[in-house]
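Peer 1: Please find one structure pasted underneath; my questions will follow.
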Amino acid sequence: MAELRYIDAINQAHHEEFARDERVVILGEDVGRKGGVFGATAGLLEKYGEGRVIDAPLAESSIAGVAIGMAANGLRPIAEFQFADFIHPAFNQIVSEAARLRYRSNNAFGCPVVFRAPWGGSHGTALYHSQSIEAFYAHVPGLKVVAPSTPADAKGLLKAAVRDPDPVLFLEHKRMYRLVKGEVPDGDHLVPIGPSVVRRPGRDLSLFAYGWMLHEALQAAATVSAEGIDVEVVDVRTLAPLDRETVLRSVAKTNRALIVYEDNRFGGYGAELAALIAEEAFYDLDAPVIRLAGPDVPGIPFAKPLEEWFSIDRTKIAEAIRRLAAL
Amino acid sequence: MGAMEAKATTTAARHRQLGLSDQDVLEMYYYIALARGLDERMWALQRAGKAMFVISGPGHEGCQVAAMWPMDRARDWFVPFYRSIAACLVKGMTPTDILLGLFARATDPSSGGRQMPGHYGHPRVKILSTSSPVGTQYPHAVGIAYAAKLRQTGEVTMTAIGDGGTSQGDVHEAMNWAGIYRLPVLFVVENNGYAISVPLHKQVAGGSIAARAAGYGFPGVVADGSDVLECYRVAKEAYNRAKRGEGPTLLEFTVPRLGSHSSDDQQERYRTKDEIEADRARDPLRVFGAYLEGIGLLTAQRRAEIAARVRREIDEATDAAERAPDPEPASAARYVFFEEG
Numbered sequence: 001m002a003e004l005r006y007i008d009a010i011n012q013a014h015h016e017e018f019a020r021d022e023r024v025v026i027l028g029e030d031v032g033r034k035g036g037v038f039g040a041t042a043g044l045l046e047k048y049g050e051g052r053v054i055d056a057p058l059a060e061s062s063i064a065g066v067a068i069g070m071a072a073n074g075l076r077p078i079a080e081f082q083f084a085d086f087i088h089p090a091f092n093q094i095v096s097e098a099a100r101l102r103y104r105s106n107n108a109f110g111c112p113v114v115f116r117a118p119w120g121g122s123h124g125t126a127l128y129h130s131q132s133i134e135a136f137y138a139h140v141p142g143l144k145v146v147a148p149s150t151p152a153d154a155k156g157l158l159k160a161a162v163r164d165p166d167p168v169l170f171l172e173h174k175r176m177y178r179l180v181k182g183e184v185p186d187g188d189h190l191v192p193i194g195p196s197v198v199r200r201p202g203r204d205l206s207l208f209a210y211g212w213m214l215h216e217a218l219q220a221a222a223t224v225s226a227e228g229i230d231v232e233v234v235d236v237r238t239l240a241p242l243d244r245e246t247v248l249r250s251v252a253k254t255n256r257a258l259i260v261y262e263d264n265r266f267g268g269y270g271a272e273l274a275a276l277i278a279e280e281a282f283y284d285l286d287a288p289v290i291r292l293a294g295p296d297v298p299g300i301p302f303a304k305p306l307e308e309w310f311s312i313d314r315t316k317i318a319e320a321i322r323r324l325a326a327l
Numbered sequence: 001m002g003a004m005e006a007k008a009t010t011t012a013a014r015h016r017q018l019g020l021s022d023q024d025v026l027e028m029y030y031y032i033a034l035a036r037g038l039d040e041r042m043w044a045l046q047r048a049g050k051a052m053f054v055i056s057g058p059g060h061e062g063c064q065v066a067a068m069w070p071m072d073r074a075r076d077w078f079v080p081f082y083r084s085i086a087a088c089l090v091k092g093m094t095p096t097d098i099l100l101g102l103f104a105r106a107t108d109p110s111s112g113g114r115q116m117p118g119h120y121g122h123p124r125v126k127i128l129s130t131s132s133p134v135g136t137q138y139p140h141a142v143g144i145a146y147a148a149k150l151r152q153t154g155e156v157t158m159t160a161i162g163d164g165g166t167s168q169g170d171v172h173e174a175m176n177w178a179g180i181y182r183l184p185v186l187f188v189v190e191n192n193g194y195a196i197s198v199p200l201h202k203q204v205a206g207g208s209i210a211a212r213a214a215g216y217g218f219p220g221v222v223a224d225g226s227d228v229l230e231c232y233r234v235a236k237e238a239y240n241r242a243k244r245g246e247g248p249t250l251l252e253f254t255v256p257r258l259g260s261h262s263s264d265d266q267q268e269r270y271r272t273k274d275e276i277e278a279d280r281a282r283d284p285l286r287v288f289g290a291y292l293e294g295i296g297l298l299t300a301q302r303r304a305e306i307a308a309r310v311r312r313e314i315d316e317a318t319d320a321a322e323r324a325p326d327p328e329p330a331s332a333a334r335y336v337f338f339e340e341g
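As they're listed, the protein sequences go chains A and B. If you read the first sequence in my numbering, its first letter stands for residue 1, the second for the next number, and so on. If you read the second sequence in my numbering, its first letter stands for residue 1, the second for the next number, and so on.
Written out as structure tokens, the structure is:
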């Protein structure tokens, strides 16, 4: 067991999977000589060479599309998008091609590609380096979407994603890269894609979050705990396919649900959780399902006061918890 | 020696000079005729209400057969588009395979009846599954070729697209990649002058599509798609370059458009009668047939034999595909993800 930063856990997962399986390659902008703009791929080029560690041309659609072709011909590619904000040109390749290849070929072809993307808001990252993209992709059958919030999960889920026979969108909240540290089990540590996990058991209400929001939620839960509100925090670390059972079990226990996500509120991923709870756990509820999410403006603005206005933090979450607990 | 015989000797030398045997060229003619026959059968079935939709490529068959001819059909890869019937037949799909897709039957090897007709794919003969957005297949071909180079398999990959598709960003991105990494890939463009109704001059301003290859650092060649042997010559050269590790080639074949875009389109609404008629003179089936006849290879008897073979195979395929069962409704839930067993 070693304490690692989130970014180091991701880097370690790459190194271990590259060593384990020579079919694993990575392609993306600056993944080679620079080791990635965040350092996720540091040291790979030196060890595995230019054939497997590919500084791609600056063209996201082809980063996805070339990865799909590589997978069709026996490789296990990891496609890195420098920022999730720039994955949009690859939407067609990911959604029309990768996610549909197995289905449309009636299982003749699979698409074992990992699409990695640093996502979410950090300090001063503004409209085009802070987007939440998960709702677009979690909507698509045939594509798995994971958003680990701890270093152990980041490593274990990434290794599982590389070995998965289907395409996986792997979201790394960039605020966590250097801020979040945690114990990571030694050895070939794998975390299965699918199950959610209860990070903090509680009796009074269930709070669902993922990525950086999970950490803000845990802080808020600690704050309100002193006020006598016992919050259960559930980490929805796989967004698709969703572990419905863990969500519904938690609501059955606490009878209240708060969903926190930093994406725009309207049509965001949390709306699907809210719908699930409303449909399947209606008679367990003592209060309406509440969502706390980013405002419906086209992005997180740059100036600090504007950024703070947009961002969901522990203070706003604690207020929402108090509001829901009082209903 | 009479004038006719002299002509025959000169032109006969043409295919032999290219390393093609008499049997080769007769077999090529058979495939062009087979693809055309299938095409006509599919339209007839659609007009008779037995098929929902047809998209095909009458006029494109000659360059497709020619470009596929140098490929190793078991070992090399093909990433098609929706007009690639003749290429898919040469690569190893059968007329029944094609018609199972037309009727959307459970045993359709391309998609089990999930996709519209014309969306070919076949893992056994290494034809990657096709989608409907144009251009997305070009980066796939590049990825396959990259894997082949990295794994040193010796495989060559060919992909194909129409002239309209070359306006897509993916096509630029793919050729840029292939040039940078000198990948063993053949980019075929079947230029029939129209993207549905939009003429070539509204897609291309630089004179030709092949000219774009210069910007990617590899050769671009234009060949007349009616001249099957010329198409073969440039494709063979491109194939050899790829095999030698010298990288990609862009092959632009100018082909006549002998049909509408699809069964939902009427080209008479945006093309003149004269223009459509002029295209008929460039029909590769007719032009290649005339060549083979001129050198005495395609005798009246051989022509009749080939026509009978084509008709028999298409009749048998039609019967087999029509008889094949529809997919089970509940099977639509399967294969979203990998399934054990």
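Glycine residues also receive a C-beta, built at the ideal position from the N, C-alpha and C atoms.
Just grab the DSSP bridge partners of G220(B) for me.
Peer 2: Counted from its first residue, the second sequence places residue 220(B) at position 220. For G220(B), which the question treats as bridged, DSSP gives the partners L250(B).
Peer 1: Can you tell which of P219(B), A35(B) and T254(B) has its C-alpha closest to the C-alpha of Y239(B)?
Peer 2: Taking the first residue of the second sequence as 1, we reach residue 239(B) at position 239. Taking only the C-alpha atoms, the option nearest Y239(B) is P219(B).
Peer 1: Give the DSSP-derived three-state secondary structure of P151(A) in the structure shown.
Peer 2: Position 151 of the first sequence, counted from the first residue, corresponds to residue 151(A). P151(A): helix per DSSP, three-state reduction.
Peer 1: Can the beta-carbon of P123(B) be found less than 7 Å from the beta-carbon of A71(A)?
Peer 2: For this step, residue 123(B) is matched to residue 123 along the second sequence. For this step, residue 71(A) is matched to residue 71 along the first sequence. Against a cut-off of 7 Å, the Cβ pair of A71(A) and P123(B) comes out as no contact.
Peer 1: Can you name the residues of chain B whose CB is closer than 8 Å to the CB of I68(A)?
Peer 2: Stepping through the first sequence from its first residue, residue 68(A) is reached at position 68. Going along chain B in sequence order, the residues near I68(A) (Cβ under 8 Å) are P139, H140 and G143.
Peer 1: With 7 Å as the threshold, decide whether the Cβ of Y103(A) is near any Cβ in chain B.
Peer 2: Here residue 103(A) refers to the residue found at position 103 of the first sequence. Closer than 7 Å to some Cβ of chain B, the Cβ of Y103(A) qualifies, so yes.
Peer 1: Against chain B, does G194(A) count as a neighbour if the rule is that its beta carbon must be under 7 Å from one of theirs?
Peer 2: The count along the first sequence starts at 1 and reaches residue 194(A) at position 194. False, the Cβ-Cβ gap to chain B never drops below 7 Å.
Peer 1: Ordered along the chain, which non-local residues of its own chain (more than five positions away) have a Cβ less than 6 Å from that of M1(B)?
Peer 2: Looking up residue 1(B) in the second sequence gives position 1. Because M1(B) sits at a pLDDT of 38, beneath the cut-off of 50, its placement in the model cannot be relied upon, and the following sentence gives the value as read from the coordinates. If we look at M1(B) and ignore the five residues flanking it on each side, it has no Cβ neighbours.
Peer 1: I'd like to check one pair, P58(B) with L258(B): are the Cβ atoms closer than 7 Å?
Peer 2: Residue mapping note: residue 258(B) aligns to position 258 of the second sequence, counting from 1. Residue mapping note: residue 58(B) aligns to position 58 of the second sequence, counting from 1. The answer is yes: Cβ separation under 7 Å.
Peer 1: For the 8 Å Cβ check, are there 3 or more pairs between the stretch 261 to 270 of chain B and the stretch 187 to 204 of chain B?
Peer 2: Because the criterion of three Cβ pairs below 8 Å is met, the stretch 261 to 270 of chain B and the stretch 187 to 204 of chain B touch.
Peer 1: I7(A) to S122(A), Cα distance in whole Å?
Peer 2: For the purposes of this step, residue 7(A) is taken as residue 7 along the first sequence, with counting starting at 1. For the purposes of this step, residue 122(A) is taken as residue 122 along the first sequence, with counting starting at 1. Approximately 15 Å, taken between the alpha carbons.
Peer 1: Would you check if there are 3 or more beta carbon pairs closer than 8 Å linking the stretch 112 to 120 of chain B to the stretch 168 to 187 of chain B?
Peer 2: No contact exists between the stretch 112 to 120 of chain B and the stretch 168 to 187 of chain B.
Peer 1: Within 10 Å of its beta-carbon, does A3(B) have 16 or more other beta-carbons around it, so buried, or fewer, so exposed?
Peer 2: Looking up residue 3(B) in the second sequence gives position 3. Any reading at A3(B) must be qualified, since the residue scores a pLDDT of 47, below 50, and its modelled position is unreliable; the value itself is stated next. Classification for A3(B): exposed.
Peer 1: For D166(A), which residues in chain B fall below 7 Å Cβ to Cβ?
Peer 2: Working through the first sequence from its first residue, we reach residue 166(A) at position 166. Per Cβ cutoff of 7 Å: F337 and F338.
Peer 1: Span of the beta strand (DSSP E) holding P77(A)?
Peer 2: Within the first sequence, residue 77(A) is the residue found at index 77, counting from 1. Start and end: R76 to E80.
Peer 1: Looking at chain A, is there any beta carbon in it that lies within less than 7 Å of the beta carbon of A147(B)?
Peer 2: Here residue 147(B) is taken as the residue at index 147 of the second sequence, counted from 1. With 7 Å as the cut-off, A147(B) counts as an interface residue toward chain A.
Peer 1: Output, in chain order, the set of chain A residues within a Cβ distance shorter than 7 Å of L170(B).
Peer 2: Start at 1 with the first residue of the second sequence, and residue 170(B) comes out as number 170. It is worth fixing the name first, because residue 170(B) is Asp in this sequence and not Leu. Under the 7 Å cutoff, chain A gives S61, S62 and G65.
Peer 1: Mind checking if R114(B) is an interface residue toward chain A, Cβ cutoff 7 Å exclusive?
Peer 2: By 1-based counting over the second sequence, the position of residue 114(B) is 114. True, the Cβ-Cβ gap to chain A drops below 7 Å.
Peer 1: R100(A) touches chain B at which residues, Cβ-Cβ below 8 Å?
Peer 2: Numbered from 1 along the first sequence, position 100 holds the residue referred to as residue 100(A). The contacting residues are S131.
Peer 1: Since I believe V197(A) is in contact with R237(A) (beta carbons under 8 Å), could you give me their beta-carbon distance rounded to a whole number of angstroms?
Peer 2: In the first sequence, residue 237(A) corresponds to position 237, counting from 1. In the first sequence, residue 197(A) corresponds to position 197, counting from 1. Correct: roughly 6 Å between the Cβ atoms.
Peer 1: Using DSSP's beta-bridge definition, name the partner residues of P199(B).
Peer 2: Along the second sequence, read from residue 1 onward, the residue named residue 199(B) stands at position 199. Per DSSP, Y194(B).
Peer 1: Thinking just about the alpha-carbon of each residue, which of E172(A), D284(A), S96(A) and D263(A) is nearest to the one in V297(A)?
Peer 2: Here residue 297(A) refers to the residue found at position 297 when the first sequence is read from its first residue. Here the closest residue by C-alpha is D263(A).
Peer 1: Taking buried to mean at least 16 other C-beta atoms within 10 Å of its own C-beta, is R102(A) buried or exposed?
Peer 2: As a first step, residue 102(A) is located in the first sequence; it is residue number 102 there, counting from the start. Label assigned to R102(A): buried.
Peer 1: Report, in whole angstroms, the separation of the C-beta atoms of G179(B) and P248(B), which I expect to be a contact under 8 Å.
Peer 2: Here the question's residue 179(B) lines up with position 179 in the second sequence. Here the question's residue 248(B) lines up with position 248 in the second sequence. Indeed they touch by this definition, with Cβ atoms about 7 Å apart.
Peer 1: According to DSSP, T238(A) sits in a beta bridge with which residue or residues?
Peer 2: For the purposes of this step, residue 238(A) is identified with residue 238 of the first sequence, where counting begins at 1. Answer is V146(A).
Peer 1: Return yes when the Cβ of P133(B) is within less than 7 Å of the Cβ of N92(A), no when it is not.
Peer 2: By 1-based counting over the first sequence, the position of residue 92(A) is 92. By 1-based counting over the second sequence, the position of residue 133(B) is 133. In this structure, P133(B) lies closer than 7 Å to N92(A) by Cβ.
Peer 1: Could you tell me whether the Cβ of M4(B) comes closer than 7 Å to any Cβ of chain A?
Peer 2: Here the question's residue 4(B) lines up with position 4 in the second sequence. Bear in mind that a pLDDT of 48 at M4(B), under 50, signals an unreliable position, so the model cannot answer this.
Peer 1: Using a Cβ-Cβ cut-off of less than 7 Å, list which residues of the stretch 168 to 200 of chain B approach chain A; keep chain order.
Peer 2: Taking 7 Å as the Cβ-Cβ cut-off against chain A, the residues of the stretch 168 to 200 of chain B that qualify are G169, D170, E173, A174, N176, W177 and I180.
Peer 1: Can you pull the chain B neighbours of S96(A), defined as C-beta to C-beta under 7 Å?
Peer 2: Within the first sequence, residue 96(A) is the residue found at index 96, counting from 1. Within 7 Å Cβ-Cβ: S131, P133 and T136.
Peer 1: Please report the residue range of the alpha helix (DSSP H) in which S250(A) lies.
Peer 2: The sequence position of residue 250(A) within the first sequence is 250, counting from 1. R244 to T254 is the extent of the alpha helix (DSSP H) around S250(A).
Peer 1: Assess, as a yes-or-no matter, whether the stretch 30 to 48 of chain A is touched by the stretch 213 to 220 of chain A under the definition of 3 or more beta carbon pairs within less than 8 Å.
Peer 2: The answer is no - the stretch 30 to 48 of chain A does not touch the stretch 213 to 220 of chain A, with fewer than three Cβ pairs under 8 Å.
Peer 1: Can you have a look at M52(B) and say buried or exposed, based on whether 16 or more other CB atoms are within 10 angstroms of its CB?
Peer 2: Walking along the second sequence from the start, residue 52(B) turns up at place 52. Looking at its Cβ environment, which holds fewer than 16 other Cβ atoms inside 10 Å, M52(B) is exposed.
Peer 1: Let me see if you follow: with CB-CB separation under 7 Å, is R20(A) close to chain B or not?
Peer 2: Here the question's residue 20(A) lines up with position 20 in the first sequence. By this cut-off, R20(A) is not an interface position.
Peer 1: With distances taken from CA atoms, which of K253(A), A303(A), I10(A) and R33(A) is nearest F282(A)?
Peer 2: Along the first sequence, read from residue 1 onward, the residue named residue 282(A) stands at position 282. Looking at the Cα atoms, K253(A) is the closest of the given residues.
Peer 1: Taking only beta-carbon atoms, is L75(A) less than 7 Å away from chain B?
Peer 2: Reading the first sequence from its first residue, position 75 is the one you call residue 75(A). With 7 Å as the cut-off, L75(A) counts as an interface residue toward chain B.
Peer 1: To test your reading of the DSSP string, which unbroken alpha helix (DSSP H) runs of 4 or more residues are found completely within the stretch 39 to 100 of chain A?
Peer 2: If we require 4 residues or more, the alpha helix (DSSP H) runs fully inside the stretch 39 to 100 of chain A come out as 44 to 52 and 60 to 72.
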